[in-house]
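Going by the numbering used here, the first residue of the sequence shown is number 10, and it counts up by one from there.
The beta carbon of each residue, even a glycine, is placed where N, CA and C say it ideally should be.
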Amino acid sequence: MVKIRPATFADAAPLAALAERTFRDTFADENSQEDMNIHCANNYSSEIQLRELSDPLRVTILAEVDESLAGFAQLLLRSATHCLSSNSPSELNRLYVLREWHGRRVAHELMNAVLSTAAQRKSEHVWLGVWERNPKAIAFYRKFGFAVIGEHSFVLGTEPQRDLVMSVQINAPSTAA
Ligand SMILES: CC(C)(COP(=O)(O)OP(=O)(O)OC[C@H]1O[C@@H](n2cnc3c(N)ncnc32)[C@H](O)[C@@H]1OP(=O)(O)O)[C@@H](O)C(=O)NCCC(=O)NCCS
10 MVKIRPATFA
20 DAAPLAALAE
30 RTFRDTFADE
40 NSQEDMNIHC
50 ANNYSSEIQL
60 RELSDPLRVT
70 ILAEVDESLA
80 GFAQLLLRSA
90 THCLSSNSPS
100 ELNRLYVLRE
110 WHGRRVAHEL
120 MNAVLSTAAQ
130 RKSEHVWLGV
140 WERNPKAIAF
150 YRKFGFAVIG
160 EHSFVLGTEP
170 QRDLVMSVQI
180 NAPSTAA
């Protein structure tokens, strides 16, 4: 069974390892080793994840199966993009699931948690950037109502890439007593 929970400071080291592993698994085949190494060195270490976990505007959510990490998502509250006009936008900054858990509801449970967290935190929209050459992720986001609203550039190491920007409107949770 998939267990979803917020990350804590104690998760910094395993989260860094999971984030680097899933990033490399996803993109190593289509990018140079040098660019991958630069990106990983700049984004994944216990210290970096600890800093991120201390940021009140960054919500990191973990998925565990049998008490082992299977995936994670990270939401940046109040993060804007030029592609979207919104009073309260949040950015789904990362969503990564270990390969052996693809297609097995882990990503769904994570996305449900992301969208309900965004609603609880009064976000009006969730948006994300996804590499134009990642059709599986694009198909997954569409299933949750995300639509392409523009594009931006993402630099992987030294390599500028074209990301599609997708967004979904959040339904406010009921405030009825
Ligand atoms: C993206 C990710 C979170 C989705 O989770 P998942 O469990 O694989 O998702 P699902 O299997 O439910 O859905 C993927 C959809 O893409 C479809 N798909 C798979 N490969 C595809 C391809 N090459 N082209 C188009 N669609 C594809 C699947 O058929 C499925 O759609 P369906 O349910 O209508 O059949 C997961 O694959 C992942 O962690 N990938 C690596 C990290 C990543 O790319 N993160 C996103 C960075 S922006």
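Between residue i and the rest of its own chain, which residues show a CB-CB distance below 6 Å, the 5 nearest in sequence each way excluded?
i: Val157; result: Leu173 and Met175
i: Gly154; result: Val177
i: Ala116; result: Val106
State the Cα-Cα distance for the pair residue i and residue j, rounded to the nearest angstrom.
i: Ser132; j: Thr69; result: 16 Å
i: Arg103; j: Glu118; result: 14 Å
i: Ser99; j: Glu160; result: 16 Å
i: Trp136; j: Leu101; result: 6 Å
i: Asn143; j: Asn121; result: 21 Å
i: Ser77; j: Leu86; result: 27 Å
i: His134; j: Lys152; result: 16 Å
i: Tyr150; j: Ile47; result: 27 Å
i: Arg30; j: Arg171; result: 23 Å
i: Ala25; j: Phe81; result: 11 Å
i: Ser97; j: Glu73; result: 30 Å
Less than 8 Å between C-beta atoms, sequence neighbours within five positions excluded: which residues of the same chain meet that for residue i?
i: Thr126; result: Val68, Ile70 and Leu84
i: Ser41; result: Gly166 and Glu168
Since residue i sits in a beta bridge, which residues does DSSP pair it with?
i: Lys12; result: Glu73
i: Pro169; result: Val164
i: Trp110; result: Paired residues: none, contrary to the question.
What residues in its chain sit with their C-beta under 7 Å from that of residue i, if we drop five residues either side in the sequence?
i: Ala185; result: For Ala185, the predicted structure reports a pLDDT of 49, less than 50, and the residue's modelled location is therefore unreliable. The matter cannot be settled from this model.
(Q) For the region 56-74 against the region 163-183, do three or more pairs of beta-carbon atoms, one drawn from each stretch, fall closer than 8 Å, so that the two count as touching? (A) no
Q: Mind listing, in chain order, the continuous beta strand (DSSP E) runs of no fewer than 3 residues lying wholly within the region 63-96?
A: 67-74 and 77-85
Q: For the region 33-45 and the region 10-19, state whether three or more C-beta atom pairs, one from each stretch, are separated by less than 8 Å.
A: no
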